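Asker: Structure provided below as structure tokens; questions to follow.
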Amino acid sequence: MAFDQSTRNRLQKFVNDARSLLSEEFTRQLQSTYGLDPKNGHVADISTLSHLDSGQLLTANILRDTLNHYLSTIHGKGEKDRTKQALNRIVREQAFTVLNRLAALRMAEARGFLLETIAKGYNAKGFQLYKQLAGSSLGETGEAYRNYLYSVFDEFSLDLAVLFDRHSAQGRLFPRESALLELLDLINHHEIEPLWAEDETIGWIYQYFNSQEERTK
């Protein structure tokens, strides 16, 4: 399929919509769960986050370590502005990682390297098989599907750890069920379905997700 201007425009719309969706989702997660607010630069003391389980507490600490690292690279601004800039960078990186993970899986499906996992969402053949084997042990459908994706990430991370390592600082967050379903609808839209078989697609996603300034940085 030729990547003519209309094709690139449609892919760009997909990337813009996905970036907006994931950025809003992860901004809300930082605010409501992890005590980090990219909008006003507020950082809650981690001792006040008594609602977190052990996994979330680990993520909260990693996010703060990442924040402090990014703050050390930003100069010439007030503390609040520096913090907002660093937190928005974290949101952007988390969104970029999730989008690229799911896009890579969708491209693997299109090439026959992966049993249907992203296409058709909850009705994907791979997930249906996983549910049959796991039974009800993994909770409701949304929770089970998330765990299924985690297992696929872990398998792919053996060869592509840079992208699929769930323990990396840039890949700690994952969209909640409602946002994930919206993202799957965007990925599986019939207008871009043919693009997942094209090698160029992942490069265009990178280019459209990141502005020229972001790519330079």
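For the sequence shown, our numbering gives the first residue as 1, with consecutive numbering after it.
Positions of the beta carbon are idealized from the N, C-alpha and C atoms, including for glycine.
This structure is a prediction, so every number in the text was calculated from the model and none was measured.
1. Assuming Leu49 and Ala60 are in contact, meaning their beta carbons sit under 8 angstroms apart, how far apart are those beta carbons, in whole angstroms?
2. What does the Cβ neighbour count give for Gly112, buried or exposed, with the cut at 16 atoms within 10 Å?
3. Please tell me whether Leu173 and Gln94 are closer than 7 angstroms, where the distance is taken between their beta carbons.
4. For Leu195, does the count of other Cβ atoms within 10 angstroms reach 16, so buried, or fall short, so exposed?
5. If you draw a straight line from the C-alpha of Asp17 to the C-alpha of Pro175, how long is it?
6. Considering only C-alpha positions, which residue in the set Leu181, Asn40, Asp65 and Gly35 is nearest to Leu52?
7. Check whether the Cβ atoms of Asn88 and Pro38 lie closer than 7 angstroms to each other.
8. If you check the beta carbons only, do Leu138 and Asn147 fall under 7 angstroms apart?
9. Below 7 angstroms between beta carbons: does that hold for Leu133 and Ile118?
10. Hey, out of Thr97, Val43 and Gly55, whose CA is closest to Ser297's CA?
11. Quickly, what does DSSP pair Val43 with across the bridge? List them, please.
12. Do the CB positions of Ile205 and Val15 come within less than 7 angstroms of each other?
13. In three-state terms, what does DSSP make of His189?
14. Using the Cα positions of Ala197 and Tyr70, report the straight-line distance between them to the nearest angstrom.
15. Figure out for me which residue from Asn188, Glu140 and Glu109 has the closest Cα to the Cα of Val152.
16. Quick one: give me the first and last residue of the alpha helix (DSSP H) that Thr97 is part of.
17. If we ignore side chains and look at the alpha-carbon of each, how far apart do Glu143 and Glu193 end up?
18. May I have the straight-line CA-CA distance separating Asn188 from Gly76, to the nearest angstrom?
19. Do Tyr145 and Tyr122 have their C-beta atoms within less than 7 angstroms of each other?
Answerer: Once the coordinates are examined:
1. Translated into positions along the sequence shown, residue 49 becomes position 49. Translated into positions along the sequence shown, residue 60 becomes position 60. That pair is a contact at about 6 angstroms.
2. Along the sequence shown, one-based indexing puts residue 112 at 112. Flag for Gly112 reads exposed.
3. If you number the sequence shown from 1, residue 173 lands on position 173. If you number the sequence shown from 1, residue 94 lands on position 94. Going by C-beta atoms, Leu173 is nearer than 7 angstroms to Gln94.
4. Counting from one through the sequence shown, the residue named residue 195 turns up at place 195. Classification of Leu195: buried, given that the 10 Å Cβ count is 16 or more.
5. On the sequence shown, position 17 is the one that residue 17 refers to. On the sequence shown, position 175 is the one that residue 175 refers to. Their backbone Cα atoms lie some 15 angstroms apart in a straight line.
6. As a working mapping, residue 52 is identified with position 52 in the sequence shown. Comparing Cα-Cα distances from Leu52 to each of Leu181, Asn40, Asp65 and Gly35, the minimum goes to Gly35.
7. The count along the sequence shown starts at 1 and reaches residue 88 at position 88. The count along the sequence shown starts at 1 and reaches residue 38 at position 38. Going by C-beta atoms, Asn88 is nearer than 7 angstroms to Pro38.
8. The count along the sequence shown starts at 1 and reaches residue 138 at position 138. The count along the sequence shown starts at 1 and reaches residue 147 at position 147. Yes, the pair counts as a contact, with Cβ atoms nearer than the cut-off.
9. Working through the sequence shown from its first residue, we reach residue 133 at position 133. Working through the sequence shown from its first residue, we reach residue 118 at position 118. Not closer than 7 angstroms, so no.
10. Because the chain here runs from 1 to 217, residue 297 falls outside it and cannot be looked at.
11. Your numbering for residue 43 matches position 43 in the sequence shown. Leu36.
12. Position 205 of the sequence shown, counted from the start, is the residue given in the question as residue 205. Position 15 of the sequence shown, counted from the start, is the residue given in the question as residue 15. Contact: yes.
13. Here residue 189 refers to the residue found at position 189 of the sequence shown. Coil at His189, not helix or strand.
14. Numbered from its first residue, the sequence shown carries residue 197 at position 197. Numbered from its first residue, the sequence shown carries residue 70 at position 70. If you take the alpha carbons of Ala197 and Tyr70, they lie about 36 angstroms apart.
15. Taking the sequence shown and counting its residues from 1, one reaches residue 152 at position 152. Ranking Asn188, Glu140 and Glu109 by Cα distance to Val152 puts Glu109 first.
16. For the purposes of this step, residue 97 is identified with residue 97 of the sequence shown, where counting begins at 1. Counting along the chain, the alpha helix (DSSP H) containing Thr97 begins and ends at Glu79 to Ala110.
17. Locating residue 143 in the sequence shown gives position 143, counting from the first residue. Locating residue 193 in the sequence shown gives position 193, counting from the first residue. Spanning the two alpha carbons is a distance of roughly 26 angstroms.
18. Against the sequence shown, residue 188 aligns to sequence position 188. Against the sequence shown, residue 76 aligns to sequence position 76. Near 43 angstroms, if we compare the C-alpha coordinates of Gly76 and Asn188.
19. For this step, residue 145 is matched to residue 145 along the sequence shown. For this step, residue 122 is matched to residue 122 along the sequence shown. Taking 7 angstroms as the Cβ cut-off, Tyr145 and Tyr122 qualify as a contacting pair.
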